[in-house]
RNA sequence: GCCGAUGUGGCGAAAUGGCAGACGCAACGGACUUAAAAUCCGUUGGGCUUUAACGGCCCGUGCCGGUUCGAGUCCGGCCAUCGGCACCA
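In my numbering, the protein residues as written are 415 to 1276.
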């Protein structure tokens, strides 16, 4: 590529200003009590989702959100806010460890290198982070508090009466370990052999690991769990008050998956061939969960999940073999095969019967893999007339259909999906009732007769919180005689052992188990060898940013109150990041936050008040950027050619922040041209080819049309930054620059306003030009960042004459210019006198004339 | 299947129910230049029309309908694309 002349010297001014900002601590946000803290200033906390510092460095997706928050941060500072705008590193996690295993380098080393690279790249883009607040989740001074928070969770329980997390000391039951918010359970988990670890449900996509895409199997293991389900209702209900995209709220609601219904108990009647004999061995009843208790009369069979332990107790001797065969066949299937919707229903009869409590009918009990052990009670009542899946099963195995609610003029089978229009039939207690009434009545009846009770179930599972990996926070827990205990707070941070070999063991035993000395805690106690998942550190980093150096507390009370609480509605004022965290990070962080809030450590119940997701940036070919397509754009390459300011502005000019949009180098060039035009408004080249202040820059007054466009721009840019409509803000500044370019004289006052408006977008360019103007013209002393955001004067936007649109039957016919004070009658008269309007009306009769003052006249005729 | 988002020129896009396509890209024309690049100025949704000239007329925001003096925008019903969830009882 031939060396072309830079349109303006960004390669000189960008490093210059980045150095000045560092030296003068331009973007340090003082905490209450700190030097230079202004108590009168309102606070604004604007946060990015901190990155995982991968070896590949930044891609163009990172700076999209970061530029948006940086513009808001710089704008709010100019408005006089005390702005918290921090950055840090989510540095624990699988990729660093996988890389370490491959290269033999310790993950701490690669992590340190990657962070240095990321940080240099971010600085190169000119972000105004307060680097004095940098945090790193793998720093013992940080994860000390991650471990401490785990202990707070471990030492609490959810009190159903207060609906709050409380210290475990307020629990008066026999076994506190049964109610802790962090507990150990032997549960079927997602085991990934390739990664050598278990994974949370949220980390498994289509039966494969989210990281690496390796296959994941179900396997029972003893694991640490966090009781997030206890907070399910609050996590659901408190979404309502948040300023988040509806789509993200919907994703979380969907993930929590609240269903209201009832638990119903069906007594087991006896085995086939042993009519009506009460069984002697166990299994007195099967409990099901249903969202449709009003269809109880239609239950013609029952189904247990194949894994349900009750199967062993109820299966009749003659059926033991066929049931056993079916269960083995199902166990051999992967999750993916099992959940394949297209496949036919399968199942096997247990030989046992249950009694429908509503009508005392004997109904057969089957097992089938369309019933899942993990949801509800692992058992259902089969109601073929009201559930398509049950109908399919009943048809295949001939299990009868009794309509309970029937649509008018439809057969029972046709009634499925139309039940709402009918009223109950074939249901002695419920006949004639609407669905809502029938549900209420049967629920009351079940409770009165002790056959069941109202119940709520969630799709949300408790959070599987342990991993069999090396590169994570060790649990601050020891084991003594088979029981877990919290490590004393004084022993935090608990650092992992310095292992030479940190590869997964392949057996499910964590790598830390290899560190025999480290494991041994005392004569009688040993350490927990699992580690925490990557999510742990990111669950609370936004809190640490408020007070990152505090060695006494995870966050000081006063800084927390100031940055997170104080003003209503509180919390992080603006949080921008990728949509991929809709149900993982954002749900986990809310959970931790609520527990800490309940325990009295925090001043607001929700962490993130306003959330925005930036859209993905695609390659120039419209495909997702990927090495495979060779369409990956490296931000540093772009900055090399066009400069950081052009890069920032282009990313914001591409289109709406939240929208997915393709990259265009031509587009970058266009924005770069715009910035060069701004430069040349103020600078010109002398004979020697040096840039000097342009002779056209003068201390003159702006003319009327300049004043108008200037104030329109102040108004538009201010409003657009508030709504994050950066693309239209830049458009408006282009209009202003075009107007100034055409003017023979460039008034200093107008230029200064332009520079202030553009400063959040192109901070280097505007800083340099501001300084250049200050050298010759009074009134601009000091850095641009110390000045005030301009305000527009509405009176200067008012036009003397306005253009009025003339329509006939809603179609544009002409435009006329009238005085501002034209009355409605005058407008009407002007319209009727207009030749084009008269032509359009022709011989028709005028029925009506609509006059919208200052806008239009519409003549309706036919 | 359920939930959510999106659909406007050659392209990225803009438009409190009131002039559709601001701004930018690309393209074309012009100025400057020995020439090119850069820069500056202009034209640019489609169609029809001999308009001498200021032009004139029709169509146009995924599709069908509705509300309204007036719909890209509001309402109802479809279609397509993308994303999420999915045998959750």
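Here a beta-carbon is modelled for each residue, glycine too, at the ideal position from N, C-alpha and C.
Self-check item: Residues sharing a beta bridge with residue 571, DSSP
Solution: 580, 594
Practice problem: Go through its chain and collect everything with a Cβ distance to residue 998's Cβ below 7 Å, but skip five positions before and after it. | Solution: 616, 949
Self-check item: Proximity to residue 1188 [Cα-Cα], best of 1175, 1176, 1204, 1169
Solution: 1169
Quiz prompt | Counted within 10 angstroms of its Cβ, other Cβ atoms place residue 1212 as buried (16 or more) or exposed | solution = exposed
Exercise. Ignore the nearest five residues each way along the sequence and tell me which others in residue 809's own chain have a CB closer than 8 Å to its CB.
Key: 798
Quiz item: By DSSP, does residue 978 sit in helix, in strand, or in coil?
Solution: DSSP places residue 978 in helix when its eight states are reduced to three.
Quiz item: What residues are listed by DSSP as bridge partners for residue 639?
Solution: 597, 878
Practice problem: Can you tell me which of the three DSSP states residue 898 falls into? | Solution: Annotated three-state conformation of residue 898 is strand, per DSSP.
Quiz item: Would you call the segment 709-723 and the segment 781-798 in contact, with 3 or more CB pairs under 8 Å?
Solution: Counting C-beta pairs closer than 8 Å gives three or more between the segment 709-723 and the segment 781-798, which meets the contact rule.
Exercise. Report the three-state DSSP secondary structure of residue 701 (helix, strand or coil).
Key: strand
Practice problem: Report the residue ranges of all alpha helix (DSSP H) runs contained in full by the segment 621-669; include only those spanning at least 4 residues, in chain order. | Solution: 646-651
Exercise. Taking all protein chains shown into account, decide if residue 1118 is buried (16 or more other Cβ within 10 angstroms of its Cβ) or exposed.
Key: exposed
Self-check item: Exposure label - residue 523; buried when at least 16 CB within 10 Å
Solution: exposed
Quiz prompt | Assigned secondary structure, residue 1033 (DSSP; H/G/I helix, E/B strand, else coil) | solution = coil
Quiz prompt | For residue 1119, the three-state DSSP class (helix, strand or coil) | solution = helix
Quiz item: Any heavy atom of the ligand MG closer than 7 Å to the Cβ of residue 1009?
Solution: The model on display carries no ligand, and the ligand MG is accordingly not part of it.
Quiz item: Are the beta-carbon atoms belonging to residue 598 and residue 562 less than 8 Å from one another?
Solution: Cβ atoms of residue 598 and residue 562: not closer than 8 Å.
Self-check item: 8 Å Cβ shell around residue 1028 - same chain, five flanking residues per side excluded
Solution: Closer than 8 Å at the Cβ level, and outside the excluded window around residue 1028, lie 475, 478, 479, 482, 990, 991, 992, 1071, 1072.
Quiz item: Are residue 1258 and residue 1276 close, meaning C-beta to C-beta below 8 Å?
Solution: yes
Practice problem: Could you check which residue in 656, 607, 487 has the C-alpha nearest to that of residue 1004? | Solution: 656
Quiz item: Whose CA, out of 494, 560, 527, lies closest to the CA of residue 1280?
Solution: Residue 1280 lies beyond the stretch modelled for the chain, which goes from 415 to 1276, so this question has no answer here.
Quiz prompt | Within 8 Å, strictly: CB atoms of residue 539 and residue 1062 | solution = yes
Exercise. May I ask you to report which of helix, strand or coil DSSP gives residue 1064?
Key: helix
Exercise. Please classify residue 451: is it buried, with 16 or more other beta-carbons within 10 angstroms of its beta-carbon, or exposed?
Key: exposed
Self-check item: Where residue 739 falls, given that 16 or more other Cβ within 10 Å makes a residue buried
Solution: Classification for residue 739: exposed.
Self-check item: Cutoff 6 Å; reference residue 463; Cβ partners in own chain excluding five residues on either side
Solution: 991
Practice problem: Can you tell me which of the three DSSP states residue 969 falls into? | Solution: In the three-state DSSP reduction, residue 969 falls in the coil class, being neither helix nor strand.
Quiz item: Of the choices 1164, 1049, 791, 1174, whose alpha-carbon is the least far from that of residue 869?
Solution: 791
Practice problem: Determine the closest residue to residue 1106 out of 1093, 503, 500, with distance taken between C-alpha atoms. | Solution: Ranking the options by Cα distance to residue 1106, first place goes to 1093.
Exercise. Kindly list the residues whose CB is nearer than 6 Å to the CB of residue 785, restricted to its own chain and excluding five residues on each side of it in sequence; keep chain order.
Key: Excluding residues within five positions, the ones whose Cβ falls inside 6 Å are 717, 719, 794.
Practice problem: Assess, as a yes-or-no matter, whether the segment 890-908 is touched by the segment 490-505 under the definition of 3 or more beta carbon pairs within less than 8 Å. | Solution: no
Exercise. Taking 8 Å as the threshold, find out whether the segment 1083-1103 comes into contact with the segment 1050-1067 through three or more Cβ pairs.
Key: yes
Quiz item: Taking C-beta to C-beta, are residue 485 and residue 1174 nearer than 8 Å?
Solution: yes
Practice problem: Whole angstroms is fine: what's the gap from residue 459's alpha carbon to residue 1076's? | Solution: Rounded to the nearest whole angstrom, the C-alpha separation of residue 459 and residue 1076 is 30 Å.
Practice problem: Go to residue 1099, then tell me how far its beta strand (DSSP E) extends in each direction, as first and last residue. | Solution: Where residue 1099 is concerned, the enclosing beta strand (DSSP E) stretches over 1097-1099.
Quiz item: In the DSSP assignment, what are the bridge partners of residue 1221?
Solution: Its beta-bridge partners are 1226, 1272.
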